[in-house]
Each structure stands twice: as C-alpha cells, then as structure tokens.
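Q:
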Amino acid sequence: MLRLTIILVALLLQSGTAFAATCAGRDVWPTTSPAVKARIQRILSNDPFATGRFFEVTKNGKTSYLFGTMHSPTAGKLRLPSHVKKMLQGARVLMVEVSNDQEKAFYKDKSNLARMVVSKKSTNFIKHFQKSDLPFVLAVGKAAKMKPATLDHVQPWFFYVLASSVGCGPPRGTRPIMDAYIESLAENARIPVVGLETPRQALKAFQGFSAQDYALMIGAEYHAIKKQRPGDRSATMTAMYIRGDIQAIWQWQNMNFAGANRRGVALIEKLWRDKLLVQRNRSWMPAILRETEKGGAFVAVGAMHLGGEGGLMKALQRKGYQIQPIVFKFN
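Residue 160 in our numbering sits at position 140 of the sequence shown; the count goes up by one each step and never skips.
(1) Taking all protein chains shown into account, do 16 or more other C-beta atoms lie within 10 angstroms of the C-beta of A209, making it buried, or fewer, making it exposed?
(2) One question on the structure: do E203 and S119 come within less than 8 Å of each other, judged by their Cβ atoms?
(3) Kindly provide the ranges of any alpha helix (DSSP H) runs that are 4 or more residues long and lie completely inside the stretch 107-189, ordered along the chain.
(4) Can you tell me which residues form a DSSP beta bridge with A320?
(5) Can you give me the start and stop residues for the beta strand (DSSP E) that G72 sits inside?
(6) Quick one, which of A58, I60, L100 and W292 has its alpha-carbon nearest Q227's?
(7) Quick one: what's got a C-beta closer than 6 Å to R112's C-beta in the same chain, skipping five residues either side?
(8) Secondary structure at I211, three-state DSSP: helix, strand or coil?
(9) With respect to the beta strand (DSSP E) encompassing Q342, which residues constitute its N-terminal and C-terminal limits?
(10) Output the distance between the C-alpha atoms of A244 and Q271, rounded to the nearest integer angstrom.
(11) Please report the residue range of the alpha helix (DSSP H) in which P267 lies.
(12) Does L171 pass the burial test, meaning 16 or more other C-beta atoms within 10 Å, or should it be called exposed?
(13) CB-CB under 7 Å to Y242, same chain, minus the five flanking residues each way: which ones, in chain order?
(14) Here's the rule I'm using: 16 or more other beta-carbon atoms within 10 Å means buried, otherwise exposed. How should M333 be labelled?
(15) What are the boundary residues of the alpha helix (DSSP H) that V285 is part of?
(16) So for P196, helix, strand or coil by DSSP?
(17) How big is the Cα-Cα spacing for W304 and F69?
(18) Classify E329 as buried or exposed, calling it buried when 16 or more other Cβ atoms lie within 10 Å of its own Cβ.
(19) Nearest to D294 by alpha carbon, out of S184, M324 and K167?
(20) Excluding the 5 residues preceding and the 5 following T143 in the sequence, name in chain order all residues of the same chain whose CB lies nearer than 8 Å to its CB.
(21) May I ask you to report which of helix, strand or coil DSSP gives T218?
(22) According to DSSP, which residues form a beta bridge with P250?
(23) What does the alpha-carbon distance come out to for the pair K141 and E217?
The structure is reproduced here in structure tokens:
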C-alpha cells in the first residue's frame, strides 16, 4: 500500500468501523506448510536483496543509505532502532515517497481529491460485479460513508483502493506511520526533506484499468479476505517485515488469491508489481541518483521497493554502486 493511501484510508475508514476493528490478528506464517515455504524460498533464491531493510550504497567514495519502511505506526515491535536513527540524523538529505508537507497541502484543499475520485457522470461500476461480491462492495461503501446510489459516481480505481485496504487502516490517535516519523526526526535535525513524487502522481499509479477490470480485482481481493482474515494478514506481514523477509511478503500474499478469478489476480499483480513498484521506482531513480552521487543521502521508501528484479537495489547495482546490507533488529 502507498504511504499516501494509508493516510487516505485512515481518514475514511475511522476506528469505529467494523473493518478497522478487524486489524487485530495473529502471525500465521508459523502454521504455513513447509512445502509452501520451500516454494517461496526457491522463487526468491536468485534475488540477493530479497531479505533485509537497510543498505549502504557507495560509489566514487560517496556513501548513502536506503531504508525500507513499513507504512504502519512506529509502535510496539516496530519502534525504530537507535542505530537507524543515528544514521538518519547524520544524513545530508532525506528522500521519501511523498513528504508530509506535500500530503498536508494536498488534503487541505478537499477539492483536489474530489476531482480525482468523484465522477459527475455515472460510471456504471456496480453492474460489473458478480452478485456474490455485492455484499462486500456495499459494506466497503458503507464503511467509507457512501450511500449505495453514490457508488456509481466513485472512480473505480479509488473504490479498489478502499476494498484492498480493508482491515489495514491505522485507527485514530495512533503514532504516525514509520515514514512520517522518520521525516519528523529529519526535520528536528534540520535535514532537508525531498519528496520523490507528488500526491497526485502517487495516486495516479492506481489508475489505468477499466471499470470491469477493477470489479474483477475487487472480487479477487474479496476472495482473499474470505480465505485469510485481514487482521491475520496484517499481523503476518508485520512479522515478516520485522524478520526482514521482505520479498517473501508478496509471494505469501499470493497464496490467498488461489482459486480467485484468474484475470482479476493477473490484474492485481500488474497493478502492484508493474505500476506501484517497478514504474514508480524508475521514475524515482533520476532524483535518487542525483543525491546518492553527492553522498550523504538517506532514502526511506516502502521496503517492497528495494528488492526484486525491478527494485531500487538492483538499479543502483547496475549503475556501479557497491552495496552492503546493514543488519539490525527492531527493539
């Protein structure tokens, strides 16, 4: 999930809704079958950056750092280690996906979001759903305080954001998500903060499919939710992140789509892998290279952006950077 949409979902799905309440759960990875674990390990065996969340990158004697965040509050087991804080506070510049100031400015003017997510004309979105998916669709709409009659005027991509975030919105009154907390540390140390993209660019990454495609994707998400409680899914992802099994998260999540409509699952992978990760990584690279070539940069983005064939680490490696993992444990 994008950092920006975490904030958005938190605004819409308040802590009093049934969905936010489902965030409580347990780590189910220990009960995952050995065969599934072995299959995931085989898939990731050729990726040197499949694990780990913190890397030192050096070129021409200039050193910078990349830290993979989790878009969750820095509480409990996710408290940022002192070692990471120390490296951050010694940085020349902090680079994040979207800065706090950008988010505040974007959401301050409610018309910015309204123009993106509401259509004056009917999208005929509802007609594309299977009858068995409609209770879920209506429940998501209700949680977001949408009347059934308004659903056909909500952009399908935006409704998919809501449906795919069920159970994952941080309740009101919690600590800032890790990205925002890291940025506050930099600001306190008077370190300049650079956003790698604008809020509008971040949200546009979700767009580009037809209403029918989004309906199929939402149906596949509903199938996964019925197989794995959102709270358990969230707790398991957090535990995997803490262990450093970053790229295994995606492979584990894919298990929950088994049996869902194939086109919906393929579209979800295209969205999350191609558009939200790989394409955004490519658009970020010129700015990242500009700062890492000077040295002293601290790049803090979602951990899933680091590994994989289209990840930032391999992109930097191809540019001639020497990469050293930094091992640490959360408090």
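Glycine residues also receive a C-beta, built at the ideal position from the N, C-alpha and C atoms.
A: From the atom records:
(1) exposed
(2) yes
(3) 120-128, 130-137, 154-163 and 176-184
(4) F87 and V116
(5) For G72, no beta strand (DSSP E) run applies, since DSSP gives it neither H nor E.
(6) W292
(7) G316
(8) coil
(9) Q342 to P345
(10) Each residue's CA atom was taken as its position, placing A244 and Q271 some 14 Å apart.
(11) First, the residue type needs correcting, since residue 267 is Gln and not Pro in the sequence shown. From DSSP, the alpha helix (DSSP H) with Q267 extends over I266 to M275.
(12) buried
(13) D153 and F156
(14) buried
(15) R282 to E289
(16) Three-state DSSP puts P196 in coil, outside helix and strand.
(17) 19 Å
(18) Exposed.
(19) M324
(20) D172, H173, V174, Q175, P176 and A231
(21) coil
(22) Paired residue(s): none; P250 is not in a bridge.
(23) 30 Å
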